[in-house]
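A quick write-up on the structure given underneath.
Residue numbers (this note's numbering): 6 to 76.
If you want it as structure tokens, here you go:
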């Protein structure tokens with residue numbers, strides 16, 4: 006793991022998941038966890054299709070799908 010601005014960050018690779026994301030907020034005697042699991046690459050297809058359709062209109066590199074979604 007690592008630390009960024011006093012916040013501990015860990016990355017794990019687990020078998021059986023295409024992608025697994027957890028965000029854990031912790032305090033004295035408590036924690037709150039937000040979790041997202043992708044068990045199939047199918048979940049990424051809509052974003053890939055969107056990116057492929059929009060890439061021809063780009064003049065520069067774009068980081069983050071949110072920048073293609075106009076949100």
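Here a beta-carbon is modelled for each residue, glycine too, at the ideal position from N, C-alpha and C.
- Have a look at 29, 51, 21 and flag the residue whose alpha-carbon is nearest the alpha-carbon of residue 37. 29
- Which listed residue (52, 13, 40) has its alpha carbon closest to that of residue 24: 40
- Query: What do you reckon, are the CB atoms on residue 21 and residue 15 nearer than 9 Å?
  - Reply: no
- Item | Proximity of residue 55 and residue 33 at Cβ, strictly below 9 Å | no
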